[in-house]
Amino acid sequence: MAPRTPAQVREHYEIEKELADRLRAATKAERRGLYSVVYSERAERIPHHPLVIRAKNINAQALDSSRQLRLLKPFLSPTTVFLELGSGDCALSIRAAEYVKQVYAVDVTAGLIQEEHFPANVKLCLFDGFELPVGSSEVDLIYSRDVVEHLHPEDLKDQMSSAYQALRRGGRYVCVTPNRLSGPWDVSRQFDPVPTAFHLKEYTSYELAKVFRTAGFSSVHFVLSYHGYHLTPMMPIGMIAFVERCLERLPGRITRSAANVLTAVKVIATK
Numbered sequence: 014m015a016p017r018t019p020a021q022v023r024e025h026y027e028i029e030k031e032l033a034d035r036l037r038a039a040t041k042a043e044r045r046g047l048y049s050v051v052y053s054e055r056a057e058r059i060p061h062h063p064l065v066i067r068a069k070n071i072n073a074q075a076l077d078s079s080r081q082l083r084l085l086k087p088f089l090s091p092t093t094v095f096l097e098l099g100s101g102d103c104a105l106s107i108r109a110a111e112y113v114k115q116v117y118a119v120d121v122t123a124g125l126i127q128e129e130h131f132p133a134n135v136k137l138c139l140f141d142g143f144e145l146p147v148g149s150s151e152v153d154l155i156y157s158r159d160v161v162e163h164l165h166p167e168d169l170k171d172q173m174s175s176a177y178q179a180l181r182r183g184g185r186y187v188c189v190t191p192n193r194l195s196g197p198w199d200v201s202r203q204f205d206p207v208p209t210a211f212h213l214k215e216y217t218s219y220e221l222a223k224v225f226r227t228a229g230f231s232s233v234h235f236v237l238s239y240h241g242y243h244l245t246p247m248m249p250i251g252m253i254a255f256v257e258r259c260l261e262r263l264p265g266r267i268t269r270s271a272a273n274v275l276t277a278v279k280v281i282a283t284k
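Numbering of the sequence shown is given in the numbering used here, commencing with residue 14 and proceeding in unit increments.
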């Protein structure tokens with residue numbers, strides 16, 4: 014993808030900040046209908062947004078979905094019911110359909126989807142950002158990438174509880190999110206010291222683990238991966254929490270730079 018001009022980046026920043034402020038100022042009841050509105054509006058008003066560009070580039074989609082699928086394959090089987098939370102352009106959901114029984118592609122908007130026809134075992138489900146539109150104990154694996162940081166903190170708790178209800182006993186939630194210590198990771202990174210655009214709250218792995226546990230998950234682990242390749246087995250979240258606490262004690266700029274290694278951390282919660 015061609016680099017954007019400074020003017021385009023500034024435009025992206027101003028629009029996202031405006032839309033994010035609408036979410037921050039809204040009540041919980043108002044946010045139930047607002048997530049769909051602001052994310053659809055973002056796709057329309059920022060045609061040069063990286064996600065919009067990638068959704069129109071088959072090669073970029075293939076590379077990105079291949080890396081994600083590589084991360085997920087150890088958790089997939091022909092009997093798996095898989096739910097992608099924040100499915101975006103649905104490229105991953107379509108690829109995953111080849112390896113599982115059923116795929117639910119769940120998002121608040123269909124604004125990035127270019128495909129007109131999905132495999133028979135892929136179902137697109139639009140929702141309000143709170144309650145997953147599937148039955149209780151129906152899903153074996155939930156996966157989200159760059160989703161939880163886009164939610165109001167109050168709404169994340171609701172969404173996690175809904176994910177817990179959707180999973181079968183022993184089911185897993187694989188969560189990929191940028192680490193707060195090396196952020197901000199939204200477009201405001203180039204303008205502000207803290208996230209002010211669509212990342213309403215970024216988390217450390219340990220902070221995210223606490224949300225999972227509050228929602229009822231029995232255990233939380235992590236793996237290190239690079240481009241989808243597993244570099245480690247699943248390990249207790251406490252090990253990475255110790256590293257995060259050490260990094261957080263460093264001066265701000267050093268913390269941010271050193272914490273870039275935490276992008277390899279993928280959090281996995283088990284029901």
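Note that the Cβ used here is the ideal one computed from N, Cα and C, for glycine as well.
By Cβ distance, which residues of its chain are closer than 8 Å to residue i, with the 5 residues on each side in sequence left out?
{"i": "residue 222", "result": "233, 250, 254, 280, 282"}
{"i": "residue 74", "result": "67, 68, 102, 104"}
{"i": "residue 243", "result": "84, 87, 236, 237"}
{"i": "residue 185", "result": "88, 153, 154, 155, 281, 282, 283, 284"}
{"i": "residue 54", "result": "32"}
Measuring CB to CB, does residue i end up less than 8 Å from residue j?
{"i": "residue 246", "j": "residue 256", "result": "no"}
{"i": "residue 207", "j": "residue 29", "result": "no"}
{"i": "residue 161", "j": "residue 169", "result": "yes"}
{"i": "residue 81", "j": "residue 158", "result": "yes"}
{"i": "residue 64", "j": "residue 101", "result": "yes"}
{"i": "residue 138", "j": "residue 146", "result": "yes"}
{"i": "residue 114", "j": "residue 166", "result": "no"}
Going by beta carbon distance, what residues of the same chain come within less than 6 Å of residue i, once the five residues before and after it are set aside?
{"i": "residue 269", "result": "195"}
{"i": "residue 252", "result": "none"}
{"i": "residue 241", "result": "80, 83, 84"}
{"i": "residue 61", "result": "17, 21"}
{"i": "residue 106", "result": "97, 100, 116, 118, 135"}
Could you give the distance in angstroms between the alpha-carbon of residue i and the alpha-carbon of residue j?
{"i": "residue 52", "j": "residue 121", "result": "8 Å"}
{"i": "residue 217", "j": "residue 193", "result": "5 Å"}
{"i": "residue 119", "j": "residue 77", "result": "18 Å"}
{"i": "residue 37", "j": "residue 91", "result": "41 Å"}
{"i": "residue 211", "j": "residue 163", "result": "6 Å"}
{"i": "residue 129", "j": "residue 191", "result": "31 Å"}
{"i": "residue 79", "j": "residue 197", "result": "26 Å"}
{"i": "residue 209", "j": "residue 265", "result": "18 Å"}
List the whole-angstrom C-beta distance separating residue i from residue j, where the pair is believed to meet the contact cut-off of C-beta under 8 Å.
{"i": "residue 117", "j": "residue 136", "result": "6 Å"}
{"i": "residue 110", "j": "residue 134", "result": "5 Å"}
{"i": "residue 56", "j": "residue 124", "result": "4 Å"}
{"i": "residue 96", "j": "residue 50", "result": "Not a contact, Cβ separation roughly 23 Å."}
{"i": "residue 204", "j": "residue 26", "result": "6 Å"}
{"i": "residue 177", "j": "residue 230", "result": "6 Å"}
{"i": "residue 8", "j": "residue 173", "result": "As displayed, the chain neither begins before 14 nor continues past 284, which places residue 8 out of reach and without an answer."}
Could you name the residues of the same chain whose beta carbon sits closer than 7 Å to that of residue i, not counting the 5 residues immediately before and after it, in chain order?
{"i": "residue 144", "result": "175"}
{"i": "residue 239", "result": "277"}
{"i": "residue 272", "result": "192, 194, 195, 260"}
Is there at least one non-hydrogen atom of the ligand SAM closer than 7 Å to the beta-carbon of residue i?
{"i": "residue 26", "result": "Inclusion of the ligand SAM in the displayed structure is not the case, the ligand content being empty and no account of it being possible."}
Ignoring anything shorter than 3 residues, give me the beta strand (DSSP E) runs that lie fully in the segment 174-227, in order along the chain. 180-189
Please give the ranges of any beta strand (DSSP E) in the segment 46-120, keeping only runs that are unbroken, at least 3 residues long and fully inside the region. 94-98, 115-120
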